[in-house]
Structures are given as structure tokens and as C-alpha cells.
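Q: Sharing a structure, written as C-alpha cells. Questions coming.
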Amino acid sequence: MKQTFNGGIFQLEKHGTTVKQEIVAGLVGFFTIVYIIAVNSLILSEAGMPIEGAILATILTSFVGCVLMGLWANAPILVVPGMGINALFTYTLVQTMNLTWQEALAVVFVSGVIFTIIAFTSLTRILSEAIPKTLKEAINVGLGLFLMLIGLEKGQLVERGTNSIIALGDLSSPIVLATVLTLLIALVLFIRDVKGHFLWSIFIGTFIASVFGILPEQQLESFSIASYLNIFGAMSFAKWSSFPFLVAVFSVTMVVVFENIGLISGHTSFLKQNGKYQKAIQANGISVMLSGLFGSSPTVATVETTASIAAGGKTGLTAVTTGMLFLLSIFFIPYIKMVPDNAISPVLIIIGGLMVQNIRHLDLRDLTEAFPAITIIAMIPFTYSIADGIAIGFILYPLLKMTMGKAREVSTALYIIAGLFLVNYIIQII
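Here the sequence shown is numbered in my numbering, starting from 72 and rising by one per residue.
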């Protein structure tokens with residue numbers, strides 16, 4: 072088995088890693104992203120899905136996505152239903168465009184097919200090369216700030232303000248105090264490069280929460296197989312030729328393609344394994360297609376992947392480990408829910424800070440490059456949407472280039488991408 076990992080499937084020796092290191096990284100990734108089970112299920116239930124079925128759909132989609140990424144691309148990239156696009160699924164496709172959740176799943180499936188076709192052709196390379204280096208770096212920085220914001224929110228260090236959009240949290244709150252204490256310990260462990268630092272941080276944060284008496288209450292979840300069977304393969308193509316269905320396919324495809332191109336490009340760059348980009352995109356495309364079949368909103372190469380990478384994950388064994396833990400979580404939901412937010416948020420904050428450091432690679436002397444980049448960096452966390460942040464920056468970039476007589480510096484593909492994003496916003500307005 073060890074030989075299989077070292078020289079076969081995962082090539083651990085070639086990547087300078089070990090089975091133990093990969094498994095620990097997979098554990099860290101799992102505990103960082105496991106919140107998606109509860110959050111995604113609740114959002115899907117608001118689309119009309121039975122909650123028990125939505126929970127199982129989320130778990131199985133995450134399992135398949137991670138294992139597919141690990142085995143096909145040999146990359147430690149975690150693939151789970153994405154935050155933001157799950158809101159698009161429920162609140163836009165179902166509640167605003169009046170599609171049924173079955174029709175929305177069909178939209179996801181069709182978008183996944185289109186994404187997969189793109190991933191297995193030269194279109195992926197064309198789209199990737201069309202994005203200037205400045206914008207790619209800006210996406211990484213924006214993702215870092217977004218991750219930090221999620222961490223700060225989960226730890227209640229920031230909250231919705233009465234006189235401002237965001238305000239400092241209640242410093243006397245036990246949750247805030249536990250988060251601050253865990254963050255300080257996590258920073259020390261990380262800076263001192265203690266082995267398994269993030270996993271230790273999660274364990275210590277959980278212990279601190281127990282001391283403060285703020286561990287989440289355990290609630291047994293009941294799973295109904297019959298309920299899930301009503302979701303699996305429940306896609307409805309009855310309105311496939313209708314305008315709302317076609318608009319929905321366009322919107323979802325634009326989001327999943329460019330959000331994942333940005334995320335996977337960032338992850339492979341962070342890993343210094345750019346050669347895995349193509350297969351990672353392919354695995355992601357297939358995963359999106361399977362999301363519709365399994366009964367979930369689309370998957371993304373989640374931003375929390377960077378927690379696994381920073382914990383030492385270098386190969387697909389990390390992703391497979393996380394995927395297997397998702398599958399096992401069916402039996403251990405009450406225990407997983409014992410891990411409190413104050414134990415997870417410091418990991419997200421630290422990883423976000425590492426990604427923000429990419430800002431040093433930006434050349435801000437040319438304002439036609441700088442302002443689109445800065446816009447992406449600001450809009451991703453401010454709009455709470457990776458897709459919108461990327462879209463606005465991509466639209467602004469060619470507009471500024473044209474106004475300064477530098478239209479030839481923009482590729483034809485980027486003009487098309489920007490135009491499609493612009494059309495998407497116009498359709499939403501209409």
C-alpha cells in the first residue's frame with residue numbers, strides 16, 4: 072500500500088510528502104470545510120428540498136467531488152458545494168425565476184456538461200491565457216480577504232453594525248474571547264512551524280470552547296433514505312427550451328466556469344504545481360455535472376483548500392482523505408458539530424492572510440492594470456461573491472484599456488468574456 076502511494080497513484084516521494092502528512096492535511100481541510108454540510112443543506116431546503124435529503128446530497132456530492140479531484144488530478148484541492156452559488160440556486164433560480172428545485176438541478180447538470188466540454192478542450196487554456204497575470208493575482212488577494220472575512224464573522228470578531236456595514240464584535244462575549252485566544256495560539260503554532268499546527272489549533276480551540284461553556288449543542292440528525300431517493304436524479308427538463316431555463320443555464324455556467332478557473336488557478340499557483348491545472352479543471356467540471364445528479368447546488372474548488380495546502384497537503388491523497396471523512400460524517404454528524412466556530416475561524420484568518428501576501432506581486436504603476444485589480448480585491452469580500460468580484464474586474468479591465476488607447480493589449484477572448492459578464496448583468500436588470 073505504501074509503495075502504491077509513493078510511486079503509483081499519488082507519487083508521494085516525488086512530491087516530497089508522506090502518508091501521515093497528507094492525511095493530517097486532509098483532516099484539517101475537512102474540519103475547515105465541514106460547516107458546508109449544515110449551511111448548504113439549509114439553503115437547499117429553502118428551495119423546497121426535504122432537509123434530510125439535502126443533508127445527504129451535500130455529503131455525497133462533497134465525497135464524490137473530493138475523491139474525483141484526488142484520483143484524477145492528484146491535487147489536494149477540496150471540491151464541495153460552493154457558498155454564494157448555492158444562494159444563486161435557491162434565491163435566484165427558484166425563488167426569483169420561479170423554477171422548481173427539480174428544474175434548478177437540471178440547470179446545474181446542463182451547466183456542468185458545458186463546463187466539462189470546456190475543461191476537456193483547448194477552451195480551458197484559451198480562457199486561462201486570456202486572463203492577465205494582474206487579474207489572476209488580484210483574484211488570489213481578493214479570495215484571501217474573503218477568507219479572512221469569513222473567519223472574522225465565524226469567530227464573531229466582526230458583526231453587522233448599527234451605524235456601519237461591519238463593526239467590531241462584542242469583546243466581552245465568551246465566543247469572541249475564545250476566538251482571540253485560539254487565534255493567538257494558532258499564530259504561535261503556525262509561525263513556529265509546529266507539525267500539524269492547524270489540526271492542533273482546532274483541538275485546542277475546541278478545548279477552550281468547552282472551558283468557556285460555548286460548545287455547540289449536540290442534536291441528533293435523522294436521515295431518511297426515502298427522502299434522499301426523491302432528490303437523487305430528480306432533475307426536470309420539462310422547461311429546457313424556455314427563456315428562464317436558458318437564462319439560468321447561462322448565469323450558472325458563467326459563475327461556475329470563471330469562479331473555478333480563478334480558484335483552481337490560485338490553488339495550483341499556491342502549490343507551485345501549475346501542471347495539474349488542466350486535470351483539476353476537468354475533475355471540477357465533472358463534479359459540477361454530478362452535483363445536479365446527486366441533488367445539490369454546483370461544486371467549487373473551495374477557497375478553504377488553502378488550509379489543507381498550508382497544513383502540508385501536496386497530492387490527491389489529501390483530497391481523498393477529506394472525501395472519505397465526508398462520507399463517514401453520515402454517522403458522526405453530532406460529533407462533528409461539537410467543533411465550534413472559534414476553533415475554525417483562526418485557521419481561515421491565517422490562511423486568508425497568507426493569500427493576501429500575493430499583493431506584493433502586483434505592479435500598480437499602470438493604472439489600467441491597477442484599478443481593475445484593486446476592484447476585484449475589494450469587490451470579492453465586499454459583495455460576498457467571488458463571481459461578482461471577478462466579473463466587475465473583468466468588465467472594467469478592457470474598458471480602461473480602450474479609453475487609454477491600449478485596446479490591443481486585451482485578448483479577443485477577454486473581450487468576449489467581459490461582454491458575456493456584461494450581458495449577464497443586463498439580463499438580471501431586465
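By construction, the Cβ of each residue, glycine as well, lies at the ideal position given by its N, Cα and C atoms. The structure displayed is predicted, hence computed values, not measured ones.
Measuring CB to CB, does A96 end up less than 8 Å from S379?
A: Within the sequence shown, residue 96 is the residue found at index 25, counting from 1. Within the sequence shown, residue 379 is the residue found at index 308, counting from 1. Taking 8 Å as the Cβ cut-off, A96 and S379 qualify as a contacting pair.
Q: Could you spell out the range, first to last residue, of the beta strand (DSSP E) harbouring E288?
A: In the sequence shown, the residue the question calls residue 288 occupies position 217. No beta strand (DSSP E) holds E288; DSSP gives it neither H nor E.
Q: Please report the straight-line C-alpha distance between A17 and M168, rounded to a whole angstrom.
A: Nothing about residue 17 can be read from this structure; the chain reaches only from 72 to 501.
Q: For the alpha helix (DSSP H) that E117 lies in, which residues bound it at each end?
A: The residue labelled residue 117 in the question sits at position 46 within the sequence shown. Taken as a continuous stretch (DSSP letters only), E117 belongs to no alpha helix (DSSP H), as it is neither H nor E.
Q: Which class does T88 belong to by DSSP, given the choice of helix, strand or coil?
A: As a first step, residue 88 is located in the sequence shown; it is residue number 17 there, counting from the start. In this structure, T88 counts as coil in the three-state DSSP scheme.
Q: Kindly indicate the opening and closing residues of the beta strand (DSSP E) around L151.
A: Counted from its first residue, the sequence shown places residue 151 at position 80. Reading the sequence as shown, one finds Val at residue 151 and not Leu. From DSSP, the beta strand (DSSP E) with V151 extends over V150 to P152.
Q: Helix, strand or coil, according to DSSP, for I202 in the structure here?
A: Translated into positions along the sequence shown, residue 202 becomes position 131. Coil, per DSSP.
Q: Which value, in whole angstroms, describes the spacing of the CA atoms of E93 and G267?
A: Numbered from its first residue, the sequence shown carries residue 93 at position 22. Numbered from its first residue, the sequence shown carries residue 267 at position 196. One C-alpha to the other measures close to 10 Å.
Q: Taking the alpha carbon of I246 as the reference point, which residue from Y348, V371, F403 and N413 has its own alpha carbon closest?
A: Here residue 246 is taken as the residue at index 175 of the sequence shown, counted from 1. The shortest C-alpha separation from I246 is found at N413.
Q: Run through DSSP, which three-state label would R231 get?
A: Stepping through the sequence shown from its first residue, residue 231 is reached at position 160. Strand.
Q: Are the Cβ atoms of N301 and P121 separated by less than 8 Å?
A: Along the sequence shown, one-based indexing puts residue 301 at 230. Along the sequence shown, one-based indexing puts residue 121 at 50. Yes, the pair counts as a contact, with Cβ atoms nearer than the cut-off.
Q: Spatial neighbours of S173 within its chain, please: C-beta separation below 7 Å, excluding the five flanking residues on both sides.
A: Here residue 173 is taken as the residue at index 102 of the sequence shown, counted from 1. For clarity, residue 173 is Gln in the given sequence; the question names Ser instead. Cβ neighbours of Q173 beyond the five flanking positions: A305, M306 and S307.
Q: Roughly how many angstroms separate the alpha carbons of G240 and G276, rounded to a whole number?
A: Position 169 of the sequence shown, counted from the first residue, corresponds to residue 240. Position 205 of the sequence shown, counted from the first residue, corresponds to residue 276. Whole-angstrom Cα-Cα distance: 19 Å.
Q: Using the Cβ count rule (16 or more neighbours within 10 Å means buried), how would you classify A144?
A: As a working note, residue 144 is residue 73 in the sequence shown. Buried.
Q: In the DSSP assignment, find the beta strand (DSSP E) that holds I80 and state where it starts and stops.
A: Within the sequence shown, the letter at position 9 stands for residue 80. Element bounds for I80: n/a, residue is neither H nor E.
Q: Could you check if A309 belongs to the surroundings of the ligand GTP, using beta carbon to heavy atom distance under 7 Å?
A: This structure lacks the ligand GTP; in fact it carries no ligand of any kind.
Q: What residues in its chain sit with their C-beta under 6 Å from that of K589, if we drop five residues either side in the sequence?
A: Here the chain has residues from 72 to 501 only, and residue 589 is not among them.
Q: Going by the DSSP bridge assignment, what does T370 pair with across the sheet?
A: The residue you call residue 370 lines up with position 299 of the sequence shown. Bridge partners of T370: P152.
Q: Applying the criterion that 16 or more other CB atoms from any shown protein chain within 10 Å of the CB defines a buried residue, is S367 buried or exposed?
A: As a working mapping, residue 367 is identified with position 296 in the sequence shown. Buried, since its Cβ has 16 or more Cβ neighbours within 10 Å.
Q: Helix, strand or coil: how does DSSP classify L254 here?
A: Mapped onto the sequence shown, residue 254 falls at position 183. L254 falls in the helix class under three-state DSSP.
Q: Since I420 and G222 should fall inside the 8 Å C-beta cutoff, what is the C-beta to C-beta distance between them, to a whole number of angstroms?
A: Locating residue 420 in the sequence shown gives position 349, where the first residue counts as 1. Locating residue 222 in the sequence shown gives position 151, where the first residue counts as 1. Contact holds; Cβ gap of about 4 Å.
Q: For a test of the three-state rule: what should DSSP assign to A238, helix, strand or coil?
A: Residue mapping note: residue 238 aligns to position 167 of the sequence shown, counting from 1. Strand at A238.
Q: Measure the alpha-carbon distance for S243 versus A249 and round it to whole angstroms.
A: The residue given as residue 243 occupies position 172 in the sequence shown. The residue given as residue 249 occupies position 178 in the sequence shown. Cα to Cα, S243 sits roughly 10 Å from A249.
Q: For a test of the three-state rule: what should DSSP assign to S416, helix, strand or coil?
A: As a working mapping, residue 416 is identified with position 345 in the sequence shown. S416 falls in the helix class under three-state DSSP.
Q: Report the CB separation of M360 from F492 in whole angstroms; it is logged as a contact under 8 Å.
A: Here residue 360 refers to the residue found at position 289 of the sequence shown. Here residue 492 refers to the residue found at position 421 of the sequence shown. Rounded, the Cβ-Cβ distance is 23 Å, inconsistent with contact.
Q: Alpha carbon to alpha carbon, how far is I463 from E440?
A: For the purposes of this step, residue 463 is taken as the residue at position 392 of the sequence shown. For the purposes of this step, residue 440 is taken as the residue at position 369 of the sequence shown. When rounded, the distance between both Cα atoms is 14 Å.
Q: Using the Cβ count rule (16 or more neighbours within 10 Å means buried), how would you classify D459?
A: Here residue 459 refers to the residue found at position 388 of the sequence shown. Answer is buried; the Cβ neighbour count reaches 16.
Q: Could you have a look at L194 and say whether DSSP puts it in helix, strand or coil?
A: Translated into positions along the sequence shown, residue 194 becomes position 123. Helix, per DSSP.
Q: In the DSSP assignment, the alpha helix (DSSP H) including H338 goes from what residue to what residue?
A: Sequence index remark: in the sequence shown, residue 338 carries index 267 (1-based). Residues F314 to L342.
Q: E84: which of G384, F316 and G284 sits nearest, CA to CA?
A: Position 13 of the sequence shown, counted from the first residue, corresponds to residue 84. Among G384, F316 and G284, the Cα nearest to that of E84 belongs to G384.
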